[in-house]
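S.K.:
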Amino acid sequence: MRPLASLLSVAIAIAACVTAAPIQERQNAYSAYMFAYFTGEGYSNGETISFAVSNGNDALHWTEVNRGNPYLTSTLGTKGVRDPSIIRAHDGSKFWLLATDLKMYGSGDWNAAVRTGSRSIVIWESTDLKNWGTPRLVQVSPATAGNTWAPEAIWDPSQNKYVVFWASSLYAASDTAHTGSSYHRILRATTTDFKTFSAPEVYIDKGWAVIDTTFAYDSSTATYYRFSKDERANSSSAPNGKFVFQEKGSSISGSFSLIKEGVGKGSVSRGEGPTVFKSNTESNKWYMFIDEFGDKGRGYVPFETTNIASGAWTLSTGYSLPSRPRHGSVIPISAASFPKFALLNRPESVYIRVPEHRLEQAGPRHDEGFLKLAYSITASLALAGAVKEKRATYSAYVFAYFTGEGYSNGETISFAVSNGNSPLNWTEVHGGTPYLTSTVGTRGVRDPSIIRSQDGSKFWLLATDLKIYGNGNWNAAVRTGSRSIVIWESTNLKDWGSPRLVEVSPPTAGNTWAPEAIWDPQQSAYIVFWASSLYAANDTSHTGTSYHRILRSTTTDFKSFTPAQVYIDYGWSVIDTTMVRDTTTGTYYRFNKDERSPSSNTPDSKFIAQEKSSSVTGTWSGVVAGIGKGVLTRGEGPTVFKSNTEANKWHMFIDEYGGRGYVPFETTNIATGTWAVSTNYALPSRPRHGSVIPITEAERQVLLGL
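With mature numbering (1 follows the signal peptide of the UniProt record, and there is no 0) applied, the sequence shown corresponds to residues -20 to -1, 1 to 686, in that order.
(1) Please return the same chain residues whose Cβ sits closer than 6 Å to the Cβ of His346, not counting the five positions on each side in sequence.
(2) Taking buried to mean at least 16 other C-beta atoms within 10 Å of its own C-beta, is Glu391 buried or exposed?
(3) May I have the straight-line CA-CA distance separating Arg333 from Ser623, to the nearest angstrom?
(4) Starting from the N-terminal side, write out each stretch of the alpha helix (DSSP H) that is 4 residues or longer and does not extend beyond the stretch 436 to 496.
(5) Which value, in whole angstroms, describes the spacing of the CA atoms of Ile393 and Asn399?
(6) Return yes when the Cβ of Gly617 is within less than 9 Å of the Cβ of Asp635, no when it is not.
(7) Keeping to the same chain, check which residues put their C-beta closer than 8 Å to that of Glu496; ignore five residues upstream and five downstream.
(8) Of the residues Ser585, Ser34, Glu626, Trp468, which one's Cα is nearest the Cα of Ile607?
(9) Take Thr28 and list the residues in its own chain whose beta-carbon comes closer than 7 Å to its own, dropping the five residues that flank it on each side.
(10) What are the boundary residues of the beta strand (DSSP E) that residue 688 is part of?
(11) Who pairs with Ile232 in a beta bridge, going by DSSP?
(12) How long is the line joining the alpha carbons of Phe633 and Lys265, rounded to whole angstroms?
(13) Counting only runs of 3+ residues fully inside the stretch 119 to 197, write out the beta strand (DSSP E) ranges in chain order.
(14) Beta-carbon separation of Thr43 and Asn35 under 9 Å?
(15) Taking Cβ positions, are Pro115 and Leu56 nearer each other than 9 Å?
(16) Counting only the same chain and skipping the five closest in sequence on each side, list residues whose C-beta sits under 7 Å from that of Ser11.
(17) Quick check: the stretch 641 to 659 against the stretch 674 to 681, are at least 3 beta-carbon pairs closer than 8 Å?
(18) Let me know if Gln681 comes out buried or exposed under the rule of 16 or more other beta-carbons within 10 Å of its beta-carbon.
(19) What residues in its chain sit with their C-beta under 7 Å from that of Gly298, if we drop five residues either side in the sequence?
(20) What residue ranges within the stretch 597 to 677 form continuous beta strand (DSSP E) runs of no fewer than 3 residues, ordered along the chain?
(21) Return the residue from the list Leu404, Gly308, Asp445 that minimises the CA-CA distance to Ser30.
(22) Restricting to runs no shorter than 4 residues, where is the alpha helix (DSSP H) found entirely within the stretch 549 to 592?
(23) In its own chain, which residues sit with a C-beta less than 8 Å from the C-beta of Thr170, not counting the 5 before and 5 after it?
(24) I believe Tyr381 touches Arg668 by the beta-carbon criterion, under 8 Å. Please report the beta-carbon distance rounded to the nearest angstrom.
(25) Report all residues from its chain with a CB closer than 6 Å to the CB of Arg338; omit the five preceding and five following residues, and keep chain order.
(26) Give me the Cα-Cα distance between Lys573 and Ile548, rounded to the nearest whole angstrom.
(27) Which residue comes first and which comes last in the beta strand (DSSP E) that contains Val409?
(28) Can you list, in chain order, the stretches of the alpha helix (DSSP H) that have 4 or more residues and sit fully within the stretch 85 to 118?
(29) Short check: CB of Arg99 to CB of Ser149, under 9 Å?
(30) Using beta-carbon positions only, say whether Phe207 and Asn214 come within less than 9 Å of one another.
(31) May I ask you to report which of helix, strand or coil DSSP gives Arg680?
(32) Smallest Cα separation from Tyr205: which of Pro305, Lys258, Tyr23?
(33) Alpha carbon to alpha carbon, what distance is there between Lys74 and Arg68?
(34) To the nearest angstrom, how far is it from the Cα of His164 to the Cα of Ala147?
(35) Counting pairs of Cβ atoms below 8 Å between the stretch 123 to 134 and the stretch 78 to 94, do you hit three or more?
(36) Can you give me the Cβ contacts of Ser594 inside the same chain, cut-off strictly under 8 Å, excluding the 5 residues immediately before and after it?
Next comes the structure, spelled out in structure tokens:
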């Protein structure tokens, strides 16, 4: 016998989720906010309850929990729930969640909903915000009520009870079929345990319809502020109909006086379902989210004030709310809640890389020759989750691009693959002909951008919905162009589903150009960004002056998106933004085209500028401007990607539009912004604005077979 030594290098990738014991919420030091909401009757699962948690004490940036999926579903009553409101027990020991018992998906019968709807509310109870008991269906409205909408509750110290209030349309006692005329009033009842309630009584009756009442208490002045929706049709006699109004009082059951009507008017087309909450960090600051309901509405839009007594609310800027949030509520939470929400938000997989180790094994053998050993390694960790294989090493690149409006088939998507790990030499696939053609919108697509999903399971391709061939009308393209982007989805880069046309830009936008996306780990969502020329809200024909800004939205599935918000606004035109992250330093680099006309005051216009930041939504600082100047006549549509083989090397392709199309540049120090033109390259024929991503050899072979 002689010993056999075998050597093995191992790298293990484990998909895991950390678990933690429940922690009871009893702290007074709030350090974040919780948001409960529904997403709308337009979706089969939209009348359920979803949760999000703020990014720390930032009330304008949110992370959806449970991977954006509904967390609470009703099995009672109509089996639909809307308008969730969470209240913390007066002693801090528990929480109750109240919701409307209503399901509109599949019926759309609002007349029946207000005449023969539910007289009950749905109630959940929890001690830790994670574990909720079985829902209870509790009848609170009288027999004369046709519905029971948007229940909320507030602690009333004068009664040592909770006052629960909601909207109901009331009918005459003799009108048992509820066929007569009516209008919404606010009813109320009291409870101490949310199981038994006092008999309901009318709380607000203006003589016209009022719904969606909510309260905020300012402890510094001992003032109650009451917010409700004026449900009248908007008209000359009711100019603030379909908007929120604000009142104040010294007690919940006392008299209230009007402060402000038409809150949000001019910023939202109409509004309901207000939720109002105080800042955790700024003593005089308050937030109000207003639900801009309707087919063209954005869902919740945030407002803020530093003087709640004045009723002067200003539209917030730079916000990123969850996807499609509708009427709900926000409450402050403590740091103790974060572990619970981390659990609810666990991803499909998280890769934990175990460093490579040298393993030796010695043992007897009885024959001659070589022995091949197969090792099975088990990692025992205090983690929950399934083991998932890490993606294979990248050994090539795929290039998606369009070829220009000068050709009848130029506003379509073409693919090429690199010759191995050489990003400067390419092979056109599909015989050099377009592979994806749009059948939606303008039926022209440009500026394709491919992103691989965070878990590696699929790809999305985003493109501009624009066709210039045959018309050449760039003025119309920026004033009355598409507000949508075209999206394809694939699991293998070969088979792409039908294109989806998704409207992401607001009505004030004249166009939606060069959409791209990047994963934001802070939000556990994809940030989608694009260029739009924006016009005044009253300039509905978009005939005024404008300039391009970069807008952004978030998504988890590339099907539903948060309302668009301005991301980059320098006071002059910027287009064609792209981003990369240097994982070695954690730095994000952003590249934009300066779209201003060339002049002595704008020496770097029509070229690329580079910026840097520590986060996607953080503050950015300039690195360098005028990239490509001296080599190109002008440049746009940059695509930037890291070398598969050289640790510090990056490549950037810049589209010399009106010229050669893409020209490659490279750097070994991306932080300095020093880019040199590449040499000895052979790009595909006529490539224009597109994107490059790394791929595996298996993916390369699939593409070569197209």
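Each residue gets a CB set at the ideal place from its N, CA and C atoms; glycine is no exception.
M.R.: By the coordinates alone:
(1) Within the sequence shown, residue 346 is the residue found at index 366, counting from 1. Note on His346: pLDDT 36, under 50, position unreliable in the model; no value is reported.
(2) Numbered from 1 along the sequence shown, position 411 holds the residue referred to as residue 391. Buried is the call here.
(3) Here residue 333 refers to the residue found at position 353 of the sequence shown. Here residue 623 refers to the residue found at position 643 of the sequence shown. At Arg333 the pLDDT is 42, less than 50, meaning the model places this residue with poor confidence and gives no usable figure here.
(4) 454 to 459
(5) If you number the sequence shown from 1, residue 393 lands on position 413. If you number the sequence shown from 1, residue 399 lands on position 419. If you take the alpha carbons of Ile393 and Asn399, they lie about 20 Å apart.
(6) As a working note, residue 635 is residue 655 in the sequence shown. As a working note, residue 617 is residue 637 in the sequence shown. In this structure, Gly617 lies closer than 9 Å to Asp635 by Cβ.
(7) Position 516 of the sequence shown, counted from the start, is the residue given in the question as residue 496. For Glu496, where only same-chain residues beyond five positions count, the Cβ hits under 8 Å are Ser429, Ile431, Leu442, Val508, Phe509, Trp510, Thr557, Thr558, Met559, Ser671.
(8) Translated into positions along the sequence shown, residue 607 becomes position 627. Ranking the options by Cα distance to Ile607, first place goes to Ser585.
(9) The residue given as residue 28 occupies position 48 in the sequence shown. Result list for Thr28: Phe18, Pro50, Leu52, Thr53, Val61, in chain order.
(10) The shown model of the chain, from -20 to 686, leaves out residue 688, and the question about it has no answer.
(11) As a position in the sequence shown, residue 232 is number 252, starting the count at 1. Answer is none; Ile232 lacks a bridge partner.
(12) What you label residue 633 is simply residue 653 of the sequence shown in a count that begins at 1. What you label residue 265 is simply residue 285 of the sequence shown in a count that begins at 1. Roughly 46 Å separates the two Cα atoms.
(13) 129 to 136, 141 to 149, 164 to 171, 181 to 184
(14) Taking the first residue of the sequence shown as position 1, residue 43 is located at position 63. Taking the first residue of the sequence shown as position 1, residue 35 is located at position 55. Yes. Within cutoff.
(15) In the sequence shown, counting from the first residue as 1, residue 115 sits at position 135. In the sequence shown, counting from the first residue as 1, residue 56 sits at position 76. Result yes, Cβ atoms of Pro115 and Leu56 sit closer than 9 Å.
(16) As a first step, residue 11 must be located in the sequence shown, where it is residue number 31. Closer than 7 Å at Cβ, skipping near neighbours: Gly36, Asn37, Asn260, Ser314, Ala315.
(17) no
(18) Stepping through the sequence shown from its first residue, residue 681 is reached at position 701. Under this definition Gln681 is an exposed residue.
(19) Along the sequence shown, read from residue 1 onward, the residue named residue 298 stands at position 318. The residues are Leu40, Gln545.
(20) 601 to 607, 616 to 622, 630 to 636, 641 to 647, 670 to 675
(21) Within the sequence shown, the letter at position 50 stands for residue 30. Here the closest residue by C-alpha is Gly308.
(22) none
(23) Here residue 170 refers to the residue found at position 190 when the sequence shown is read from its first residue. Result list for Thr170: Asp136, Gln139, Lys141, Tyr142, Val143, Val144, Phe177, Ser178, in chain order.
(24) Reading the sequence shown from its first residue, position 401 is the one you call residue 381. Reading the sequence shown from its first residue, position 688 is the one you call residue 668. Confirmed, Cβ separation roughly 6 Å.
(25) The residue you call residue 338 lines up with position 358 of the sequence shown. With a pLDDT of only 39 at Arg338, under 50, the local geometry of the prediction cannot be trusted, and no value is derived from it.
(26) Along the sequence shown, read from residue 1 onward, the residue named residue 573 stands at position 593. Along the sequence shown, read from residue 1 onward, the residue named residue 548 stands at position 568. Rounded to the nearest angstrom, the two C-alpha atoms are 12 Å apart.
(27) To locate residue 409, count along the sequence shown from 1; it is residue 429. It is not in any beta strand (DSSP E) - Val409 carries neither H nor E in the DSSP assignment.
(28) 90 to 95
(29) What you label residue 99 is simply residue 119 of the sequence shown in a count that begins at 1. What you label residue 149 is simply residue 169 of the sequence shown in a count that begins at 1. Contact flag unset, no.
(30) Against the sequence shown, residue 207 aligns to sequence position 227. Against the sequence shown, residue 214 aligns to sequence position 234. Their beta carbons are not under 9 Å apart, which means Phe207 does not touch Asn214 by this criterion.
(31) Sequence index remark: in the sequence shown, residue 680 carries index 700 (1-based). Correct three-state label for Arg680: helix.
(32) Your numbering for residue 205 matches position 225 in the sequence shown. Minimum Cα distance to Tyr205 is reached at Lys258.
(33) Indexing the sequence shown from 1 puts residue 68 at position 88. Indexing the sequence shown from 1 puts residue 74 at position 94. Each residue's Cα considered, the two are about 6 Å apart.
(34) Stepping through the sequence shown from its first residue, residue 164 is reached at position 184. Stepping through the sequence shown from its first residue, residue 147 is reached at position 167. When rounded, the distance between both Cα atoms is 6 Å.
(35) yes
(36) Locating residue 594 in the sequence shown gives position 614, counting from the first residue. These residues qualify, in order along the chain: Gly566, Thr567, Tyr568.
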